[in-house]
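As you go down the protein sequences, you meet chains X and H in turn. Heads up: the first sequence runs through residues 1 to 351, numbered per full-length UniProt numbering. Heads up: the second sequence runs through residues 1 to 387, numbered per full-length UniProt numbering. Built from N, CA and C at the ideal position, the CB exists for glycine as well. Keep in mind that this is a model prediction, so the values were computed, not measured.
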Amino acid sequence: MRETAVVGFAQRQMKDFDGSPSMAELLVPILAECYEQTGWAKKDIGFWCSGSSDYLAGRSFSFVSAIDAIGVLPPVNESHVEMDAAWALYEAWLKIQTGEVDTALVFGFGKASAGVLRRTLALQLDPYTMTPLWPDTVSLAALQARAGLDAGLWDEAALAEVVNRSLTDAEKNEYAVRAGGSSVEELLARPMFADPLRKHDCAPVTDGAAAIVLAAGDRAREANQRPAWISGIAHSSDGLHLGTRDLTSSGSAERAVAAAGGTAGVQVAELHAPFSHQELVLRSALGLGNDVRISPSGGALAANPMFSAGAIRIGEAAKQIWDGSADKVLGHATSGPALQQNLVCVMEGRN
Amino acid sequence: MGKTPAAVIGIGQTHHRAKREDLSMAGLCREAMDRALEDAGLTLDEVDAIVIGKAPDLFEGVMMPELYLAEALGAAGKPLLRVHTAGSVGGSTAIVASSLVQAGVHKRVLTVAFEKQSESNAMWALSVPVPFVMPVHAGAGGYFAPHVRSYIRRANAPSHIGAIVAAKDRTNALKNPYAHLHNEGTTVESVLASQMLWDPIHYDETCPSSDGACAMVIAAEDVAKTYDSPAWIHGTVMRSEPTSAAERDQVNPQAGRDAAAALWKATGITDPAREIDCAEIYVPFAWFEPMWIENLGFAPEGAGWKLTEAGETAIGGSLPINMSGGVLSSNPIGASGMLRFAEAALQVRGRAGEHQVDGAHRALGHAYGGGSQFFSMWVVGSQPPSN
């Protein structure tokens, strides 16, 4: 494959957008940060790809006005996935692999605070048989957590440990919506929200946006002194229907990581786990041992901006390469109810 | 680093209707997919990845329907990508699928695009008030009518050109068993006699609203070579420009001109009107045929309507356009672009049935979306690309 690296990353994650900016207003400064990091301008970008959702925006064609943030006269080579921007990054990586372009800028955005997120996401279910019952995201995740408890795969203390570590790490993340570690005992003393999940087991509703710059070969070296070279990237899907899946494992994450070349040597993994027990499912599916540092950013339990949280995991993992903290990292994204789809991006630094 | 050559080895589409009450969304996709897989002689198990496209989710009222469709699409256990680039999405989806093969990641990729517009209400879905943006609430026809009027003025075109296009496309649709509209006896006179909807656009110069889907199997060179008549992908392109900008030319958008120029360059075509044997272009309102003829560089600016008037865009003319009946005869929005790409492939495979253009060896598939701001195109040929 053609050597390609993550060379730029900018993000916003917040509880709600102050002043209700349009997506273009929000994206302009983020794109500007990417230009500053890489030393490039709009004309240096060969391909653009974004990820977002019309339903989150409550309107059709929500990405149309967002691309105004690029300044698209003269016109640009551009595409969009109705998915987390991590999948837009995958499309951009493909485009670089075809040799048509050397550089790409990927962005994602979503304003979850505009509606009732757990209700909006119920519209992702089977419209003929499930949606009319309105099972919400948190309840579905609770079913998944219960399945693991019943199977003896984890206990409530294990969930609290995940939360405690995440929220302690989040104290160092300026974008965290929720932060502040406690103790397993104190966390377990808090009330249930959707049994067996407590509020801290569930990602906060978050508005946000993110942008990532990809580049091939010498263009990557030109933009970043220590690019995060993508050594493997792949994704896979499971079926939606909960009755046909073993919710305590993740076949799609297993297939994705196998196709991405495995996790041997990975030192840091940024996992997109919007519920505490999902981190445990993913660690097992991805084959991550206890020596792997998980989500030093605080992860999705600290902030989970829809349609950019997965891309942010890739950006946060890449930062570990850029600053020399690690030589091999993994960024992960998920989509759909109960970890239905998973994407894995393994990156390496070279000295 | 070169691309892996890729080709279309299977094509399928649904019968298009205003309402396919006999099928769910999953059934609609499967009707097209199963035909494409049968055409390619493959089963879903032999497909490496699925790429799906459709226009806004509000058209059916399901958020990210690919999630619920995963099992029906055969995507459980496989990579599944969902593309959405407005009306150009069917084309963009095919391009992303071809990228998966050209990048050397997969050997056989299934791509499908659909719209089941009868599940919801497209006019409502397009009329949600948007903060900061002036709502038009006039539907697509109301949006595009001023551009058509502007074209007529700038090109000094006679007022019956749109009717020629509509009569031609509806006549071509009679040869296409999958087309939504089979309106016998449509003539220039009957089109001009139909109700004026958005002056200068008559009722019969507009597209229907359809339920439908289209699917293709795209394969790498070594696989495609084992097939009788693959449609080789010679070049693909996408370009976007903003919705509103004072300097935009919505009659002849720069994104379309740039896209066409890049496509002709990539495919080594210097005189598209001579070197392209036939074209399926996205014409939801009849007047867009002459407008896109110019935008694509098939004729100089202001001269597109002359090709139409001279009958050159009919089957048997020098540049047949929309042999299938086009968007004017079937418009499942998310699938409409892929139908154009698939018809171009059918033509160069020599498998277009009654609407086959004799000697079609190189064809253009074209789609556009938004307010004439998103463009996707490909050129396919009966021979592998030489570039």
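If you check the CB distance, E25(X) and W229(X) do not come in under 8 Å.
With 16 or more other CB atoms across the displayed protein chains lying within 10 angstroms of its CB, G325(H) is buried.
For K107(H), there are no C-beta contacts with chain X under 8 Å, since the nearest C-beta of that chain is about 14 Å from it. Listed in chain order, the alpha helix (DSSP H) runs fully inside the region 23–52 of chain H are 25–40, counting runs of at least 4 residues.
At a Cβ-Cβ threshold of 8 Å, A224(H) and V380(H) do not count as neighbours. Annotation for M377(H): the continuous beta strand (DSSP E) segment containing it runs F374 to G381.
By the Cβ-count criterion, W134(X) is exposed, with fewer than 16 other Cβ atoms from all chains shown falling within 10 Å of its own Cβ. For V346(X), the enclosing beta strand (DSSP E) stretches over residues Q341 to E348. Taking 8 Å as the CB threshold, A112(X) stays off the interface with chain H. Take the alpha-carbon of A234(X) and the one of A273(H): they are about 41 Å apart. Assignment of Q225(X) by DSSP, reduced to helix, strand and coil, places it in the coil class. Excluding sequence positions up to five before and after A18(H), its CB lies within less than 8 Å of the CB of S118, H180, P208, S209, S210 and D211, all in the same chain and listed in chain order. Secondary structure note for E354(H): it is in no alpha helix (DSSP H), with a DSSP letter that is neither H nor E. Below the 7 Å Cβ cutoff, chain H contributes P79 as neighbours of H235(X), in chain order.
For a cut-off of 8 Å, the C-beta gap from G53(H) to A6(H) is around 17 Å, too long to register as a contact. At the C-beta level, M323(H) and C214(H) stay beyond 8 Å of one another. Only buried fits D238(X), as 16 or more other CB atoms lie within 10 angstroms of its CB. In the pairwise beta carbon analysis, the region 159–167 of chain H is classified as not touching the region 94–101 of chain H: fewer than three pairs are separated by under 8 Å. At a cut-off of 8 Å between beta-carbon atoms, Q102(H) makes contact with chain X.
The Cβ atoms of V344(X) and A256(X) sit closer than 8 Å to each other. For L330(X), the beta-bridge partners assigned by DSSP are A269(X) and V346(X). Only exposed fits G289(X), as fewer than 16 other CB atoms lie within 10 angstroms of its CB. Counting the other Cβ atoms within 10 Å of the Cβ of E279(X) gives 16 or more, which makes it buried. Counting only the Cα atoms, S182(X) lies some 43 Å from V64(X). At the C-beta level, S382(H) and H361(H) come within 8 Å of one another.
In the DSSP assignment, P305(X) forms a beta bridge with T206(X). Taken in chain order, the whole beta strand (DSSP E) runs of length 3 or more contained in the region 242–330 of chain H are 278–280. In this chain, Q11(X) is not harboured by any alpha helix (DSSP H); it is covered by the beta strand (DSSP E) spanning T4 to M14. Within the region 54–86 of chain H, the alpha helix (DSSP H) runs of at least 4 residues that lie entirely inside it are, in chain order, 65–69.
Annotated three-state conformation of D218(X) is helix, per DSSP. Within the same chain, and ignoring the five residues on either side of G311(H) in sequence, the residues whose Cβ sits closer than 7 Å to its Cβ are G317. Per DSSP, W87(X) is one residue of the alpha helix (DSSP H) stretching across A85 to Q97. When DSSP reads this structure, V106(X) sits in a beta bridge with C49(X) and I212(X). Within chain H, P242 and T243 have C-beta atoms less than 8 Å from the C-beta of D68(X), given in sequence order. Residues of the same chain with a CB within less than 6 Å of the CB of H147(H), apart from the 5 flanking positions on each side, are Q250 and V251 in chain order. Setting aside the 5 residues that flank it on each side, Y35(X) is surrounded in the same chain by A41, each with a C-beta closer than 7 Å to its C-beta; the list follows chain order.
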